[in-house]
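K.L.:
Residue numbers (our numbering): 2 to 509. Sending over a structure as structure tokens; questions will come in a sec.
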């Protein structure tokens with residue numbers, strides 16, 4: 002059912018992009034109703050406009066809080082043109098039919114982001130706007146609604162192509178968009194008022210982007226979010242689903258080296274969300290060389306991340322292998338020339354740190370929500386046969402951060418600021434340890450004097466025995482096993498370092 006737009010109610014906070022639409026509506030003979038700043042804007046374009054106050058017979062009152070909340074406005078929006086009773090009542094009370102509503106919402110989220118003034122934030126809770134949008138969307142059989150300036154371009158083309166007519170399918174599409182706008186707005190307000198434990202799972206993330214495919218080619222996928230606030234993409238193809246997952250893992254890891262006092266230059270290689278190589282060194286090139294040496298096989302096709310500007314020497318070294326993504330705080334121009342030689346290489350300049358946030362996961366017809374795993378250790382309890390040396394402590398701190406970002410069960414072997422062996426995703430801790438030791442041997446690392454981090458407690462003393470036999474001299478783990486004493490006693494007897502942190506780092 003096509004409907005010709007004859008009357009439009011326009012009241013928007015953002016005027017940019019509106020000029021062409023109101024001129025086209027006026028040229029098509031549409032009566033424009035408006036109020037406040039939008040009315041002044043329309044009139045400034047040399048167009049005639051009917052003040053909403055002429056319908057309501059009331060001025061804007063209560064500091065602008067009440068302008069359009071009136072039966073003469075909402076009757077024109079909600080009146081059903083195919084209901085005889087509605088038509089008679091509209092005629093009786095001199096309510097004009099409104100065929101188009103262009104209304105946006107007060108910038109609530111922007112205000113929350115820019116101030117902590119509670120009263121200023123509350124004043125940006127729109128009441129009339131959502132009511133008009135919802136009313137028009139509900140009555141989409143007869144009324145078209147535009148609830149966001151992101152729809153202006155599409156609607157302007159529609160006015161040109163259909164000379165001010167809309168189809169029912171188009172109005173239903175507009176209604177769906179309008180309800181989404183209102184839902185997102187309401188979630189933002191609810192989250193502001195209840196940042197703790199809401200009764201409902203509330204999350205609304207705009208900006209959908211359809212991905213090439215999901216985790217596998219037969220799976221469809223989309224990403225919701227604003228990557229441009231975190232990164233500037235300097236080269237390469239679009240990020241895939243798996244790229245995004247690994248980029249997140251890489252950024253989470255590198256976050257540790259700006260938030261926990263670990264200020265050394267660090268380079269990391271991520272594969273399937275696990276760290277397969279990482280090192281801290283004085284220069285970025287040295288950090289890259291050591292990270293790659295930790296597992297040069299797994300590095301192929303990985304996601305790379307560092308916490309220092311990428312220079313030419315490092316770029317030349319990196320370019321010798323195939324990788325998917327490189328994330329850095331900045332790139333020297335001569336480094337970019339080298340790195341851009343492969344058109345599909347994704348180069349991301351990270352603009353800001355990823356803020357700590359709640360994490361959630363969909364499962365079992367519901368959603369799990371948890372606080373992010375922040376921090377490295379809750380305590381530093383030297384419980385072994387001797388105190389750690391300064392160099393051992395530095396390695397233990399680093400090892401525990403690396404281990405935190407491996408899938409459980411996780412073991413990380415660090416020597417002189419370099420990951421020399423790791424075991425992850427195993428169903429028993431001792432299997433992860435065996436995997437870590439075998440990795441170190443595969444690439445000819447001498448484990449004498451290495452340190453070991455475990456993401457959870459040692460259920461028995463077999464892990465410290467095997468690691469000790471391989472050359473490990475210092476351990477860090479959260480503790481908490483009823484048999485902690487077994488591992489501690491072994492370390493005491495063999496003059497090994499054992500640090501208890503009191504903070505477990507499971508990652509599933």
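All residues carry an ideal CB built from backbone N, CA and C; glycine is no exception.
1) Sort out for me which residues DSSP pairs residue 32 with in a bridge.
2) Please determine, among 454, 450, 273 and 442, the residue with the shortest C-alpha to C-alpha distance to residue 504.
3) Count the other CB atoms, across all protein chains shown, that sit within 10 Å of the CB of residue 289; report buried if there are 16 or more and exposed otherwise.
4) Drop a sphere of 10 angstroms on the beta-carbon of residue 63, count the other beta-carbons inside from all chains shown, and report buried for 16 or more, exposed for fewer.
5) Return the residue from the list 334, 97, 184 and 404 that minimises the CA-CA distance to residue 507.
6) Rounded to the nearest angstrom, what separates residue 535 and residue 193 at their Cα positions?
7) For residue 9, is the classification buried or exposed, using 16 other Cβ atoms within 10 angstroms of its Cβ as the cut-off for buried?
8) Given a cut-off of 8 Å on the beta-carbon distance, is the pair residue 330 and residue 351 in contact?
9) For residue 499, does the three-state DSSP call read helix, strand or coil?
10) Taking the alpha helix (DSSP H) that residue 158 belongs to, which residues open and close that run?
11) For residue 230 and residue 208, what's the separation of their Cα atoms in angstroms?
12) Give me the Cα-Cα distance between residue 262 and residue 406, rounded to the nearest whole angstrom.
13) Can you tell me whether DSSP reads residue 419 as helix, strand or coil?
14) List in chain order: all unbroken alpha helix (DSSP H) runs of 4+ residues lying wholly within the region 50-75.
15) Going by alpha carbons, who is nearest to residue 104 out of 55, 183 and 59?
16) Counting only the same chain and skipping the five closest in sequence on each side, list residues whose C-beta sits under 8 Å from that of residue 466.
17) Helix, strand or coil: which one does DSSP assign to residue 198?
18) Cβ of residue 441 within 8 Å of Cβ of residue 421?
19) What does DSSP give as the partner residue(s) for residue 266 in the beta ladder?
20) So, is residue 476 buried or exposed, given that buried needs 16 or more other C-beta atoms within 10 angstroms?
21) For residue 2, name the three-state secondary structure that DSSP assigns.
22) Inspect the beta-carbon positions of residue 153 and residue 19 and report whether they are closer than 8 Å.
23) Please determine, among 280, 397 and 318, the residue with the shortest C-alpha to C-alpha distance to residue 308.
24) How many Å lie between residue 157 and residue 202 at the Cα?
25) At a Cβ threshold of 8 Å, is residue 376 touching chain E?
26) If you reduce the DSSP assignment to three classes, tell me which class residue 364 lands in.
27) Return the CA-CA distance between residue 59 and residue 37, expressed in angstroms with no decimal places.
28) What separation, rounded to the nearest whole angstrom, lies between the Cα atoms of residue 110 and residue 189?
29) Report buried or exposed for residue 334, applying the criterion of at least 16 other Cβ atoms within 10 angstroms of its Cβ.
30) In angstroms with no decimal places, state the Cα-to-Cα distance between residue 372 and residue 417.
31) Can you grab the Cα-Cα spacing for the pair residue 464 / residue 430, in whole Å?
32) Once you ignore the five residues that flank residue 223 on each side, which residues in its own chain have a CB closer than 7 Å to its CB?
33) What separation, rounded to the nearest whole angstrom, lies between the Cα atoms of residue 478 and residue 132?
34) Going by the CB atoms, is the gap between residue 99 and residue 53 shorter than 8 Å?
35) Is it true that the CB of residue 385 sits closer than 8 Å to the CB of residue 408?
36) Given a cut-off of 8 Å on the beta-carbon distance, is the pair residue 129 and residue 70 in contact?
P.N.:
Reading it off the structure:
1) Working through the chain shown from its first residue, we reach residue 32 at position 31. DSSP lists 8 as partners of residue 32.
2) Position 503 of the chain shown, counted from the first residue, corresponds to residue 504. That would be 454, whose Cα lies nearest to the Cα of residue 504.
3) Translated into positions along the chain shown, residue 289 becomes position 288. The residue is buried, with at least 16 neighbouring Cβ atoms inside 10 Å.
4) In the chain shown, counting from the first residue as 1, residue 63 sits at position 62. Looking at its Cβ environment, which holds fewer than 16 other Cβ atoms inside 10 Å, residue 63 is exposed.
5) Along the chain shown, read from residue 1 onward, the residue named residue 507 stands at position 506. The residue with the shortest Cα to Cα distance from residue 507 is 404.
6) This structure leaves residue 535 out entirely; the chain is present only between 2 and 509.
7) What you label residue 9 is simply residue 8 of the chain shown in a count that begins at 1. With 16 or more other Cβ atoms within 10 Å, it is buried.
8) Position 329 of the chain shown, counting from 1, holds the residue named residue 330. Position 350 of the chain shown, counting from 1, holds the residue named residue 351. Going by C-beta atoms, residue 330 is nearer than 8 Å to residue 351.
9) Sequence index remark: in the chain shown, residue 499 carries index 498 (1-based). If DSSP states are grouped into helix, strand and coil, residue 499 belongs with the strands.
10) As a position in the chain shown, residue 158 is number 157, starting the count at 1. From DSSP, the alpha helix (DSSP H) with residue 158 extends over 153-163.
11) Along the chain shown, read from residue 1 onward, the residue named residue 230 stands at position 229. Along the chain shown, read from residue 1 onward, the residue named residue 208 stands at position 207. Roughly 12 Å separates the two Cα atoms.
12) Numbered from its first residue, the chain shown carries residue 262 at position 261. Numbered from its first residue, the chain shown carries residue 406 at position 405. A caution first: residue 262 carries a pLDDT of 48, below 50, which makes its placement in the model too unreliable to give a value.
13) Indexing the chain shown from 1 puts residue 419 at position 418. Three-state DSSP puts residue 419 in a strand.
14) 54-57
15) The residue labelled residue 104 in the question sits at position 103 within the chain shown. Considering only alpha carbons, the answer is 183.
16) Taking the chain shown and counting its residues from 1, the one referred to as residue 466 is at position 465. So the list reads 491, once near-sequence residues are dropped.
17) Your numbering for residue 198 matches position 197 in the chain shown. Of the three classes helix, strand and coil, the one that applies to residue 198 here is coil, per DSSP.
18) Start at 1 with the first residue of the chain shown, and residue 441 comes out as number 440. Start at 1 with the first residue of the chain shown, and residue 421 comes out as number 420. Cβ atoms of residue 441 and residue 421: closer than 8 Å.
19) In the chain shown, counting from the first residue as 1, residue 266 sits at position 265. Paired residues: 282.
20) As a first step, residue 476 must be located in the chain shown, where it is residue number 475. Classification for residue 476: buried.
21) By 1-based counting over the chain shown, the position of residue 2 is 1. Note: residue 2 maps to coil in three-state DSSP.
22) Position 152 of the chain shown holds residue 153. Position 18 of the chain shown holds residue 19. Yes. Within cutoff.
23) As a working note, residue 308 is residue 307 in the chain shown. Comparing Cα-Cα distances from residue 308 to each of 280, 397 and 318, the minimum goes to 280.
24) Walking along the chain shown from the start, residue 157 turns up at place 156. Walking along the chain shown from the start, residue 202 turns up at place 201. So the two alpha carbons sit approximately 37 Å from each other.
25) In the structure shown, chain E cannot be found, because there is only a single protein chain.
26) Against the chain shown, residue 364 aligns to sequence position 363. Residue state, collapsed to three classes: strand.
27) Taking the first residue of the chain shown as 1, we reach residue 59 at position 58. Taking the first residue of the chain shown as 1, we reach residue 37 at position 36. Those two C-alpha atoms are separated by around 13 Å.
28) The sequence position of residue 110 within the chain shown is 109, counting from 1. The sequence position of residue 189 within the chain shown is 188, counting from 1. Each residue's alpha carbon lies about 7 Å from the other.
29) Counted from its first residue, the chain shown places residue 334 at position 333. Exposed.
30) Locating residue 372 in the chain shown gives position 371, counting from the first residue. Locating residue 417 in the chain shown gives position 416, counting from the first residue. Between residue 372 and residue 417, the C-alpha separation is close to 32 Å.
31) For the purposes of this step, residue 464 is taken as residue 463 along the chain shown, with counting starting at 1. For the purposes of this step, residue 430 is taken as residue 429 along the chain shown, with counting starting at 1. Distance between the alpha carbons of residue 464 and residue 430: 8 Å.
32) By 1-based counting over the chain shown, the position of residue 223 is 222. Around residue 223: 209, 210, 211 and 212.
33) For the purposes of this step, residue 478 is taken as the residue at position 477 of the chain shown. For the purposes of this step, residue 132 is taken as the residue at position 131 of the chain shown. So the two alpha carbons sit approximately 56 Å from each other.
34) Mapped onto the chain shown, residue 53 falls at position 52. Mapped onto the chain shown, residue 99 falls at position 98. Against a cut-off of 8 Å, the Cβ pair of residue 99 and residue 53 comes out as no contact.
35) Walking along the chain shown from the start, residue 408 turns up at place 407. Walking along the chain shown from the start, residue 385 turns up at place 384. It is not a contact, given that the beta carbons lie outside the stated cut-off.
36) For the purposes of this step, residue 129 is taken as the residue at position 128 of the chain shown. For the purposes of this step, residue 70 is taken as the residue at position 69 of the chain shown. The answer is yes: Cβ separation under 8 Å.
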